[in-house]
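Peer 1: Would you mind keeping the following structure in view while I ask a few things?
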Amino acid sequence: GQQVMQIPQYQHVQEGEDFTTYCNSSTTLSNIQWYKQRPGGHPVFLIQLVKSGEVKKQKRLTFQFGEAKKNSSLHITATQTTDVGTYFCAGTGTASKLTFGTGTRLQVTL
Amino acid sequence: DAGITQSPRYKITETGRQVTLMCHQTWSHSYMFWYRQDLGHGLRLIYYSAAADITDKGEVPDGYVVSRSKTENFPLTLESATRSQTSVYFCASRKSSGSYEQYFGPGTRLTVT
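Protein sequence lines correspond, in order, to chains A and B. Position in the first sequence (first residue = 1) + 7 = the working numbering. Position in the second sequence (first residue = 1) + 1 = the working numbering.
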C-alpha cells in the first residue's frame with residue numbers, strides 16, 4: 008500500500024532559526040496537503056499542492072511539491088514560538104485516499 | 002456554525018465492552034472519515050464514507066464498525082474493546098468536489114483498561 012514518510016521525526020530549534028520537514032511517498036501522488044497540529048489539538052489544514060514542481064508561500068512558510076510528485080517539503084523561515092506543533096503531510100494517491108505521513112514535531116525555544 | 006463535533010471527548014472503558022464514538026458535522030459534507038492517532042504512527046484511516054449508506058475500509062478497520070444513515074452523522078463502534086485500541090480518535094469531513102481539504106473534529110481520547 009501507499010506509504011508516506013516524513014523526516015525528521017522531531018526537531019528542536021531556537022526562535023529565529025529556520026526549519027524544514029521533508030515528505031516522501033512510495034507512489035506518485037495526485038496532490039499533497041500539509042496540516043499543522045498544535046499540542047493537544049486537532050490537525051488543521053494549511054495548504055494543498057497539485058502541480059509538479061509547485062511552490063506556494065504563506066508568510067514565513069514555503070511549500071514545495073517535487074517534480075516527480077513523490078516528495079514535498081515545508082520550510083519555515085525565522086521560526087516563532089507560535090510555530091510549535093506537529094506538521095503532517097498527506098498525499099492523495101490511488102483510489103483518492105489520503106495517506107498521512109508520520110509527522111514532524113517542532114519545538115521552538117526562546 | 003458548529004462545524005464538526007465529537008462526543009465524548011474522553012472515555013475510559015474496560016476490555017471487552019462495546020463503545021461508540023459519535024461524530025456530527027453541520028456542513029453537509031459528503032465525505033466523512035475516522036482516524037486513529039498513536040505515537041509513531043501519525044494518523045491512520047480506519048473507515049470512511051463517501052455518502053449516506055456508503056462506507057469503506059481504510060488502513061486499520063479490524064475491530065471497528067461504522068454506519069452512516071444520515072449525512073451529518075458517522076458513528077464509530079468498537080464492538081469488543083481491546084487495549085490496543087487505546088488511542089486518540091479523530092473524525093473528519095470534506096466536500097465531494099474541489100479541494101481535498103479535510104476538516105477535523107476535536108478528537109476523542111479513548112482508554113481501554
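The beta carbon of each residue, even a glycine, is placed where N, CA and C say it ideally should be. Remember, it's a predicted structure, so these values are computed and weren't measured experimentally.
Apart from the five residues just before and just after residue 84 (chain B), which ones in its own chain have a Cβ nearer than 7 Å to its Cβ?
Peer 2: What you label residue 84 (chain B) is simply residue 83 of the second sequence in a count that begins at 1. Contacts found: 16, 113.
Peer 1: Between residue 62 (chain A) and residue 54 (chain A), what straight-line distance do the alpha-carbon atoms span, to the nearest angstrom?
Peer 2: Residue 62 (chain A) sits at position 55 when you count from the first residue of the first sequence. Residue 54 (chain A) sits at position 47 when you count from the first residue of the first sequence. Answer to the nearest angstrom: the Cα atoms are 11 Å apart.
Peer 1: Using three-state DSSP, classify residue 90 (chain A) as helix, strand or coil.
Peer 2: Mapped onto the first sequence, residue 90 (chain A) falls at position 83. Residue 90 (chain A): helix per DSSP, three-state reduction.
Peer 1: Entirely within the stretch 50-86 of chain A and at least 4 residues each: give me those alpha helix (DSSP H) ranges in chain order.
Peer 2: Whole alpha helix (DSSP H) segments, 4+ residues: zero.
Peer 1: Is the beta carbon of residue 23 (chain A) sitting closer than 7 Å to the one on residue 85 (chain A)?
Peer 2: Sequence index remark: in the first sequence, residue 23 (chain A) carries index 16 (1-based). Sequence index remark: in the first sequence, residue 85 (chain A) carries index 78 (1-based). Yes, the Cβ-Cβ distance between residue 23 (chain A) and residue 85 (chain A) is below 7 Å.
Peer 1: Is residue 88 (chain A) buried or exposed, if buried means 16 or more other CB atoms sit within 10 Å of its CB?
Peer 2: Within the first sequence, the letter at position 81 stands for residue 88 (chain A). By the neighbour-count rule (16 or more Cβ atoms within 10 Å), residue 88 (chain A) is not buried but exposed.
Peer 1: Is there a Cβ from chain B that is less than 7 Å from the Cβ of residue 70 (chain A)?
Peer 2: Mapped onto the first sequence, residue 70 (chain A) falls at position 63. Output row for residue 70 (chain A): interface = no.
Peer 1: Name the residue from A:94, A:111, A:80, A:108 whose alpha carbon lies nearest to the alpha carbon of residue 51 (chain A).
Peer 2: In the first sequence, the residue the question calls residue 51 (chain A) occupies position 44. It is A:94 whose Cα lies nearest to the Cα of residue 51 (chain A).
Peer 1: For a cutoff of 7 Å on Cβ pairs, would you count residue 50 (chain B) as touching chain A?
Peer 2: One-based indexing of the second sequence puts residue 50 (chain B) at position 49. No - not a single Cβ of chain A is within 7 Å of the one on residue 50 (chain B).
Peer 1: Looking at residue 21 (chain A) and residue 116 (chain A), is the spacing between their C-beta atoms short of 7 Å?
Peer 2: In the first sequence, residue 116 (chain A) corresponds to position 109, counting from 1. In the first sequence, residue 21 (chain A) corresponds to position 14, counting from 1. Their beta carbons are under 7 Å apart, which means residue 116 (chain A) touches residue 21 (chain A) by this criterion.
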